[in-house]
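Residue numbers (full-length UniProt numbering), protein chains in the order written: chain A, 1 to 342; chain B, 1 to 342; chain C, 1 to 342; chain D, 1 to 342.
Here the structure is laid out as structure tokens; the discussion comes afterwards.
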């Protein structure tokens, strides 16, 4: 068989580990041939490929990013996109695709399956918000990076009797904030899943200062205050009603400084959460995903996505995988609230 | 309620996170009081305690080890041990115990339960070999430390065209070797679960040298060669038939050097695998174990152990928890063999 | 002797290592007694102290921040400040002070020396911009944190064919940017010492994209474009002419995106550069500074600051120490320019 | 000019950073051409080369080891070795060599200079024991790795009330032990420069146990007890009088366990100290060494070695560089003794 591989969407530590496992097992166990498509769906759409054999995957296991490049190209939003993909795959003699990506990339994969393209999906989202798998790779790395930053911030916060607000990734799901906050001993954790009351947060912060320690507030970039609380401060909104200065972390730090009378500072972790070498958890998970994906390809079990369930790698239909966003359930948040404000 | 807490067996990153979660939730949510017992079962046996309140658990989340100390004391191997424990618990007004430990510590807990002591167990084994839980805390930290060492060793091996043998923990179960080897891109992984053929290992090593990369061999301390292979080298055994020089890693490196004609060196990771700050995965797991253990205590659900199943914390009977050693199943080893020797 | 210790200004990894060394050697070698002053010069000004003995300095060597707290209080800017300090020191029976801090803290120390207070200074600036010492502690830690962030960002930049602008500390001196940029393999490094031409930077960025790698631009927070370049974009300035959105990094990324047509993103490292456990270099330097500072106190050699010269710790007059800012000399910048734009 | 580059002796983090800087500046500033010689002096001796241009040095800055390989080949110990080198250099059209290595490699370089070969040396020794430079690259990385291991071992030592003996590199000079021990808060540090009294060490260990903390003993692999102390235990020596079990660390742990009655364990850090990504200090130092070495080549200033003096890179005659081993001076050891035994 001749198999194409592509990576789509935001990059994530572990992508290269998947590619390596797919190629290594495909060649050594099954005798497959591989073609690397560049930059997600742009690769098959425009027929842009790169060589992908044993030599190309050597040494990439510990490397972040993706040797194939990535993009957010969606062939279904481009006139004739699907036809181009099908003809390019035919021209290149591709029998099947391994598509590694998140909701968007796998959504395309699911639709292409219906149109007769042989695809196996590998789930990728640093936010851990895909419903059909216990975990996605990249998430554990992001959480560890955020936790290490929080570890560092505790001492500087305490030396200056300041509040430190740490803004982490998570537009729609708060998994990184929840886990990094729990692991880092945050004083408050704020998620997109539940609007927060800025006065309650200020109360937690004040309670923490009474212990002679200083508070660390972990806030997901998508977290929002209660309706109305941000309107009260509309001088900080731009013409479109967006927060003007630096995002929710910055806004919150200013609020907390004003309400508690204690200095507050913000750190926005940003892209360092998605770069760099993966943790062991992510390397093992990504490797196992890759090994099982190529098994599925070999068996002709297309239209599926590999997924983690407990300690097992299973297969689920691609359509199921992208059906709903996995957000933080209320009981996980309640669990964490024990540590708030003290 | 007045609750005793103890940690037994080898220390493990995450023990302090459990203690902190138990105490924080016990006090803030349930109004419990706590007594810390020192050094595992020696604490209740000899009535040696230390204060354990909110102040004592501040700042310990990121710290390895256990603030309570540990030991391998087994009251059932001491005359009148159980009676002493029961009378000490009565004298100290202890209503229930949270026992954090591995097979031995939890085995004692299970037996004490039968004798009317109120115990809830929290599983701890750096080797990840307890059957009733998907993972134990400390394991992920150990695997990451071993992986980082392997990452470092790749470049020195290649610069000198040497084989590097890395001996990791695991007397009876090879989970650390399997995961660290997979994550570190090892050339061969050797586990206690399956005797290895030293000639086959030498073959893998030679095959790797043909790629112009150098081989890393990850060997669990409890791995053994095929029957007879070590006897051939009995000058290296002491009077009891034990390997004389430094363990299986050292023995294997000498064999590989002889068989392949290429220099080989050994690194024994030893105690650095169990020390130091826990990873995010272990801090979150340990914290959740602690929170759920104190819930079980509060509900009077004794004789149980908390356990991880998928993403959920569940409770299982203590006796079940210690029934059998969870070794690496053959399919997980086969999965990894794809990467051997190339 | 009875000796007061204080830490002033922004916190820095290594402060606790200094405190520990001062106290350990002072007590065990010389039999001194110690008093900890809280929060920099606020401590002696308001007579706020904390116990400072062997027990208080145990375990603090690897901890960032300062157990004494810090502030920017300047007694010379407060009516009667100096008199209050002198009378508090007399009331507390303090014979001498060890003042650990940067330009401001040591400037106060120098003036107090002239007024008859016995002070020995220990230099501290994360920016490494004190003229009288080869290095200050905290700098090496900050550079390593920034370098690790840059290491992580390379792969994410390349996966998305983006420019990544990393803003690091350094308002007046670009040492952190220079060293982190050199160590991290930055494509361009921009310092406060030299205004940059945004078109030349865009040229470097474009040249880098031709190599199929992606550019990392390291910019010190105090770096500025050539006169006039920012005025052209005055919609991004606030009423005071300050950059409105997020600082120079954000401004630069927007410029580069516009000029090169390639996406650009910014990461502002902020407070994580000054928090957390110190590197070995900083722990050794801080420890040696502490040991030599207490020697100076013991010898009655006041009005001096300890400093690093080559591998030796020497003493220099406090006034000299704070005379001028040590900026990056032009030959060090030229040295680094070899790597720009390719 | 056409310039050969080689790396000899044990590998060291930073070698690749030197190679990259030499090649980048040589090509972009001076228009030189480069030839990579493989495996130290074996390369020019046997005429084994590899391509060395801009493409080959991309991405190697953060990588440990050396892309050129290394060996301990000494052409002066091989019949006709020097003649072969000279004729190979002539055949390959090599005008000058950059030799990166330690005492042996640079010793060869010095002798070849006398024989008319154009060589510039770059000092490399992980042990930091070359007299003519304040620091060598690789040392800072090794010290940080050892310190992180010690940090980890503190908590496990304390949990089990054990002594932990950490054996670090250093056969003839104790710099790694001194700096890692100081940075890691060791209880005792033992160097090759001074024989230790095992009873005094046991005394320090006992004193430490009285503090309720546990002792960490850092011992350089070349440290030795007082004459006679090891003979008393000759059952532990092999036929050649060498320590039979695992080196000085293992011997010392057994002695301490016997003398103090407290369990003791050993960790031998071994090769992980020399592998892996360099610290910022080492990357900057190695890069600057490389930049200045190619300047020297370009200026025809042969027979010199680059060296660090304070913050400046200087040039010293190669013969001077290798004249004497830089051991730890007594005052640096005395400085550290303040922390022993408490």
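Here a beta-carbon is modelled for each residue, glycine too, at the ideal position from N, C-alpha and C.
- Put simply, the CB of residue 16 of chain B is far from chain A, with every gap to its CB atoms at 7 Å or more.
- With a threshold of 16 other beta carbon atoms within 10 Å, residue 35 of chain A meets it and is buried.
- Counting C-beta atoms within 10 angstroms of its own C-beta, residue 127 of chain B has 16 or more neighbours from the protein chains shown and is therefore classed as buried.
- For the stretch 271-283 of chain C, the set of residues with a beta-carbon nearer than 7 Å to any beta-carbon of chain D comprises 279, 280, 281 and 283, in chain order.
- Unbroken beta strand (DSSP E) stretches of 3 residues or longer found wholly inside the stretch 144-171 of chain C: 163-168, given in chain order.
- Taking C-beta separations shorter than 8 Å and ignoring five residues to either side along the sequence, the partners of residue 318 of chain A in its chain run 106, 109, 110, 113, 119, 121, 303, 304 and 305, following chain order.
- For chain D, none of the residues of the stretch 18-35 of chain B brings a beta carbon within less than 8 Å of one of its beta carbons.
- Interface criterion met: the Cβ of residue 62 of chain D is under 7 Å from a Cβ in chain C.
- C-alpha of residue 207 of chain A to C-alpha of residue 30 of chain B: approximately 19 Å in a straight line.
- By the beta-carbon neighbour count (other beta carbons within 10 angstroms, threshold 16), residue 193 of chain C is buried.
- Contact between residue 102 of chain B and residue 150 of chain B does not hold, since their C-beta atoms are separated by about 25 Å, which reaches or exceeds 8 Å.
- Bridge partners of residue 196 of chain C according to DSSP: C/225.
- Runs of the beta strand (DSSP E) lying entirely within the stretch 264-342 of chain D, each at least 3 residues long, are 264-268, 304-309 and 312-317 in chain order.
- Scanning chain D for C-beta atoms nearer than 8 Å to the C-beta of residue 179 of chain C yields 280 and 284, reported in chain order.
- Residue contact with chain B for residue 69 of chain D: present (Cβ-Cβ distance below 7 Å to some residue of chain B).
- The distance from the Cβ of residue 25 of chain C to that of residue 291 of chain C is about 5 Å, consistent with a contact at the 8 Å cut-off.
- Secondary structure note for residue 57 of chain B: it is in no beta strand (DSSP E), and the uninterrupted alpha helix (DSSP H) holding it is 54-57.
- Per the coordinates, the alpha-carbon of residue 265 of chain D lies some 15 Å from the alpha-carbon of residue 186 of chain D.
- Residues of chain A with a Cβ closer than 7 Å to the Cβ of residue 156 of chain C are, in chain order, 11, 64, 65, 271, 274 and 275.
- In this structure, residue 286 of chain C and residue 18 of chain C form a Cβ contact; the two beta carbons are roughly 5 Å apart against a cut-off of 8 Å.
- Under the DSSP assignment, residue 219 of chain B falls in the beta strand (DSSP E) whose first and last residues are 216-220.
- With respect to chain D, the C-beta atom of residue 208 of chain B has no partner C-beta closer than 7 Å.
- Using a Cβ-Cβ cut-off of 7 Å, residue 268 of chain C is close to 268 of chain A, given in chain order.
- Contact note: residue 342 of chain C reaches chain D through 24, 28 and 54, using a C-beta cutoff of 9 Å and chain order.
- Closest option to residue 311 of chain A, judged by alpha-carbon separation, among B/67, B/65, B/268 and B/135: B/135.
- If you check the CB distance, residue 6 of chain C and residue 40 of chain C come in under 7 Å.
- For residue 295 of chain A, not one C-beta of chain B is nearer than 7 Å to its own C-beta.
- In summary, the residues of the stretch 193-223 of chain D whose CB is separated from some CB of chain C by less than 8 Å are 211 and 213, in the order they occur in the chain.
- Following the DSSP letters along the chain, one finds residue 101 of chain C inside the beta strand (DSSP E) bounded by residues 96-101.
- Excluding sequence positions up to five before and after residue 276 of chain B, its CB lies within less than 7 Å of the CB of 13 and 64, all in the same chain and listed in chain order.
- Residue 291 of chain C belongs to the set of residues whose beta carbon lies under 7 Å from a beta carbon in chain D.
- Straight-line spacing of the CA atoms in residue 61 of chain A and residue 159 of chain B works out to 19 Å.
- Residue-level contact check: residue 159 of chain C touches chain A, since one or more beta carbons of chain A fall below 7 Å from its beta carbon.
- CA-CA distance, residue 271 of chain B to residue 156 of chain D, rounds to 8 Å.
- Scanning its chain for C-beta atoms nearer than 6 Å, with the 5 sequence neighbours on each side dropped, one finds around residue 48 of chain B the residues 38, in chain order.
- For residue 153 of chain B, the nearest CB of chain D lies under 7 Å from its own CB, placing it at the interface with that chain.
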